[in-house]
Structure formats: C-alpha cells, structure tokens
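> The structure that follows is given in the form of structure tokens.
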Amino acid sequence: MAVAVAVISKENYPLYVKTTSPGNDLKFLYTIHTSLDVIEEKVLTVNKTASDLRELYLGLLYPTEDYKVYGYVTNTKIKFVVIVESSHTTLRDNEIRQMFRRIHAGYADMVCNPFYVPGETITSKAFESIIKNIMVSE
6 MAVAVAVISK ENYPLYVKTT SPGNDLKFLY TIHTSLDVIE EKVLTVNKTA SDLRELYLGL
66 LYPTEDYKVY GYVTNTKIKF VVIVESSHTT LRDNEIRQMF RRIHAGYADM VCNPFYVPGE
126 TITSKAFESI IKNIMVSE
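Mapping the sequence shown onto my numbering, position 100 (from 1) lands on 105, and the numbers just tick up by one.
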C-alpha cells in the first residue's frame, strides 16, 4: 500500500504531497527529498546510454527499513515519488508502473485545465481523488 505520493517540479520543489498518516509527514518529506538525488543520478545515467528512448519509470530508488521508494520522471522533468510499505510484498513491478501511469494521466489531465498555472501547488479535487484511490486500492 502506498503511504505517500509526491509530485515534484523540475526545480525540485514539491507541487503536491499526500500521506496516509499526518503524524509522519516530516519523515516522508525527508524521504522524498533524499530520493531526488537518486532520481537525478538515474536520469543522468539513462540519458548517457539512450538518446531518445528514455524510460519514464525509474523503478526502486532505494529501500529503507520500513518503506520502499519508487520514482518516475516525465518528459517535462516533473517527478513522481511513491513510498510503499516494505511489508506489503504483493506489489509487483508492473503494478507500481500502473500506479505511476495513473498518476501521470491524472497529472496530465490537471495540467490541461486552463485555470491551472504551471508550477503552482496542485489543488485539483479530481487529482486528489485519483491519489486517494491509488493509496487505498493498492
């Protein structure tokens, strides 16, 4: 089960962060920010090996004692980070990919809203419901 989902701008500041337990917000924010270094490293190594065929899904960024951190980068350098409980071993790699595809589709729909200003904090109720659905169902 996903315990935290974050959307990070290309300038590395959070556009959206949702956690399941409000008491651990600071812990999850720290984990999300430390994962940005791993994301940058993976993006740089992927760009050196493949010119145009870049995989958006970065896979497992790093495991901690209690959680596993996964990453995804869009073509516009927007980063999605999902933190999953380590004890929840039933999630396979393709299920994590599907989770990121749903987040990316929801983000793309939200950005297409003419009233959304790129770079602002995400307040869309439709995007919020997609994230809640992902956090509950997975």
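Just so you know, even glycine gets a beta-carbon here, dropped at the ideal spot from N, CA and C.
Does the region 104-114 touch the region 133-141, meaning 3 or more C-beta pairs lie closer than 8 Å?
Yes: the two stretches touch, three or more of their Cβ pairs being nearer than 8 Å.
> State yes or no: is the C-beta of K73 within less than 7 Å of the C-beta of V86?
No, the Cβ-Cβ distance between K73 and V86 is not below 7 Å.
> Tell me whether Y121 sits in a helix, a strand or coil according to DSSP, three-state version.
Here Y121 sits in coil by DSSP.
> Does DSSP put Y18 in a helix, in a strand, or in coil?
Three-state result, Y18: coil.
> Does T24 pass the burial test, meaning 16 or more other C-beta atoms within 10 Å, or should it be called exposed?
The residue in question, T24, is buried, as its Cβ has 16 or more Cβ neighbours within 10 Å.
> Report yes if the C-beta distance between A11 and P19 is below 7 Å; otherwise report no.
Contact flag set, yes.
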